[in-house]
DNA sequence: TGCAATCTATCTAGTAGTAGGTCTGAATGA
DNA sequence: TCATTCAGACCTACTACTAGATAGATTGCA
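Chains as they are written, first to last, in this note's numbering: chain A, 1 to 187; chain B, 1 to 187.
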């Protein structure tokens with residue numbers, strides 16, 4: 001077997017969440033995709049909630065690693081912002097939106113544990129961006145008058161929003177928004 | 001009867017969409033809230049798709065009117081942007097997110113007609129913002145180097161994104177993001 | 001080493017409950 | 001009188017989830 005079943009389940013579930021949302025996919029969908037019965041899925045993840053929690057945790061690790069790698073490079077701020085944008089653009093090109101955007105769209109119908117993990121995912125990503133902008137400010141790469149905290153939050157929301165909106169409208173809305181924001185962020 | 005059943009159904013469905021998403025509510029939920037049987041709902045809206053299409057159309061009218069009213073006033077750009085932001089902030093305070101954000105979170109599981117209406121909603125709102133920024137540019141109220149089109153898209157995505165993210169995290173992420181964007185937009 | 005015990009990962013077949021939707025007919029009110 | 005509005009009973013398909021069993025691999029130990 002190429003990869004273990006648990007991983008393949010998480011991969012498939014993540015793709016489904018990123019295209020249809022939490023309520024938009026069923027164990028039957030997973031069963032059809034992976035090739036094991038719906039009952040067998042419960043062997044690996046007792047409930048759908050457990051599956052979602054594992055999925056968000058894993059996605060948080062993935063995003064954390066990816067963003068940290070970008071911000072730890074010696075590149076100038078503008079280049080780093082373009083790399084982060086590229087991370088989200090590749091999600092668009094894969095026909096998906098960010099896990100946090102997909103789940104936040106119907107936040108009230110999520111199990112409590114999943115909501116908690118979702119908030120942790122958001123806070124973690126914003127924290128990474130905050131470090132990026134703090135360093136940039138010290139290096140004089142941040143436009144005067146901008147504080148790093150607002151900047152981190154603004155960037156996260158815009159990345160999130162433009163990716164989600166673009167999937168429902170067209171890609172131009174993503175690229176144009178992010179290019180404009182980048183121009184406003186750097187002096 | 002205070003208002004007719006069709007309107008009450010749309011009101012309830014809209015609230016449910018704005019908190020749980022399209023797949024997150026059922027005819028049973030509506031039945032419980034309105035006080036008529038699920039079968040009777042089908043009298044007013046033959047299918048869930050019809051209900052969703054009507055809901056998005058009505059929301060588009062609502063948003064169009066609200067935004068147009070703001071941008072047609074003689075106030076300076078900064079004040080207008082604050083008013084538009086207030087429109088979204090009141091949605092947050094009602095415990096909801098924007099209909100477009102809620103639907104876009106699971107766009108692949110939407111019926112085709114609903115997807116079409118969703119795109120129309122987005123495009124219409126961006127078009128209104130575009131008129132706002134074009135006028136502002138002519139009046140010299142737009143920061144130099146900013147083009148109205150990018151600006152309209154950026155604002156829509158950020159409003160959308162920060163409202164959705166704030167509902168899953170906390171309100172501060174909304175207020176801070178929008179304040180920062182407003183400061184960057186006006187010279 | 002041989003063999004029994006146990007574990008892993010899966011199956012078939014089912015549960016109760018809910019989904020959206022249909023049909024028939026009874027009130028209601030202009 | 002007659003269209004509007006709704007309810008009751010129903011349907012089929014699907015939901016997450018469970019029970020019980022099985023084939024094969026791994027382990028413990030005499």
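Glycine residues also receive a C-beta, built at the ideal position from the N, C-alpha and C atoms.
In this text the structure is predicted, and so the values were computed from the model without any measurement.
With H, G and I counted as helix, E and B as strand and the rest as coil, what does DSSP make of residue 24(A)? The answer is helix: DSSP assigns residue 24(A) an H, G or I state.
Got a sec: is the Cβ-Cβ distance from residue 161(A) to anything in chain B below 9 angstroms? Interface annotation, residue 161(A): in contact with chain B, CB-CB separation under 9 angstroms.
So, do the segment 54 to 61 of chain A and the segment 136 to 148 of chain A have three or more beta carbon pairs nearer to each other than 8 angstroms? No: fewer than three Cβ pairs fall under 8 angstroms.
Mapping the DSSP letters down to three states, classify residue 98(A) as helix, strand or coil. Of the three classes helix, strand and coil, the one that applies to residue 98(A) here is coil, per DSSP.
Against chain A, which members of the segment 24 to 58 of chain B pass a CB distance test of less than 9 angstroms? Residues of the segment 24 to 58 of chain B with a C-beta less than 9 angstroms from any C-beta of chain A: 24, 25, listed in chain order.
Can you tell me the Cβ-Cβ gap for residue 164(A) and residue 104(B), rounded? I've got them flagged as a contact below 8 angstroms. Their Cβ separation, rounded to whole angstroms, is 5 angstroms, which keeps residue 164(A) and residue 104(B) in contact under 8 angstroms.
To the nearest angstrom, report how far apart residue 1(A) and residue 18(A) are at their CA atoms. Because residue 1(A) carries a pLDDT of 35, less than 50, the predicted location of this residue cannot be relied on, and the following value inherits that uncertainty. Per the coordinates, the alpha-carbon of residue 1(A) lies some 25 angstroms from the alpha-carbon of residue 18(A).
Residue 167(A) beta carbon less than 9 angstroms from that of residue 107(B): Taking 9 angstroms as the cut-off, the beta carbon of residue 107(B) is found closer than this to the beta carbon of residue 167(A).
Check the Cβ-Cβ distances between residue 132(B) and every residue of chain A, and say whether any is below 9 angstroms. At a cut-off of 9 angstroms between beta carbons, residue 132(B) makes no contact with chain A.
Using the C-alpha atoms, what's the distance from residue 68(B) back to residue 99(B)? The alpha-carbon atoms of residue 99(B) and residue 68(B) are separated by roughly 18 angstroms.
If you compare alpha carbons, which of 110(B), 80(B), 35(B), 154(B) is closest to residue 132(B)? Ranked by Cα distance from residue 132(B), the options 110(B), 80(B), 35(B), 154(B) are led by 80(B).
Contact list for residue 181(A) against chain B, beta-carbon separation under 7 angstroms: Under the 7 angstroms cutoff, chain B gives 154.
Using 10 angstroms around the beta-carbon of residue 62(B), count the other beta-carbons present and answer buried if the total reaches 16, otherwise exposed. If you draw a 10 Å sphere on the C-beta of residue 62(B), you find fewer than 16 other C-beta atoms in it, and that means exposed.
Measuring CA to CA, which of 152(B), 169(B), 35(B) is closest to residue 157(A)? In this structure, 169(B) is the residue among 152(B), 169(B), 35(B) with its C-alpha nearest to the C-alpha of residue 157(A).
Under a CB-based cut-off of 9 angstroms, is residue 87(A) close to chain B? Closer than 9 angstroms: no.
Thinking C-beta only, is residue 83(A) closer than 9 angstroms to residue 161(B)? Taking the C-beta atoms as reference points, residue 83(A) is found no nearer than 9 angstroms to residue 161(B).
Report yes or no: is there a C-beta of chain A within less than 9 angstroms of the C-beta of residue 187(B)? At least 9 angstroms separates the CB of residue 187(B) from every CB of chain A.
Report the three-state DSSP secondary structure of residue 19(B) (helix, strand or coil). Assigned with DSSP and collapsed to three states, residue 19(B) falls in helix.
Check the C-beta distance from residue 130(A) over to residue 149(A) and give it rounded, since I have them as a contact under 8 angstroms. Confirmed, about 6 angstroms.
Between residue 154(A) and residue 177(B), is the Cβ-Cβ spacing less than 9 angstroms? Here residue 154(A) is near residue 177(B), since their CB atoms are less than 9 angstroms apart.
How is residue 151(A) classed by DSSP in three states: helix, strand or coil? The three-state reading of DSSP puts residue 151(A) in helix, counting H, G and I together.
Residue 1(A), DSSP secondary structure in three states: Since pLDDT at residue 1(A) reaches only 35, below the 50 mark, its modelled position is unreliable, and the value read off the structure follows with that caveat. Three-state DSSP puts residue 1(A) in coil, outside helix and strand.
Once you ignore the five residues that flank residue 38(A) on each side, which residues in its own chain have a CB closer than 7 angstroms to its CB? So the qualifying residues of the chain are 27, 28, 31.
Endpoints, alpha helix (DSSP H) assigned at residue 86(B): It spans 77 to 93 - the alpha helix (DSSP H) in which residue 86(B) sits, taken as one unbroken run.
Short CB-CB distance (under 9 angstroms) between residue 171(A) and chain B: Chain B has no Cβ within less than 9 angstroms of the Cβ of residue 171(A).
Straight-line Cα distance separating residue 187(A) from residue 143(A): Taking the straight line from one Cα to the other gives about 4 angstroms.
Counted within 10 angstroms of its Cβ, other Cβ atoms place residue 21(A) as buried (16 or more) or exposed: Around the beta carbon of residue 21(A), 16 or more other beta carbons sit within 10 angstroms, so the residue counts as buried.
For a contact defined as C-beta to C-beta under 8 angstroms, what are the partners of residue 176(B) on chain A? Those are 149, 150, 153, 154, listed as they occur along chain A.
Starting from residue 125(A), trace the alpha helix (DSSP H) both ways and give me its first and last residue. Start and end: 112 to 138.
Considering only residues of the same chain and omitting the five flanking positions on each side of residue 114(A), which have a CB-CB separation below 8 angstroms? The residues are 22, 49, 52, 53, 56, 103.
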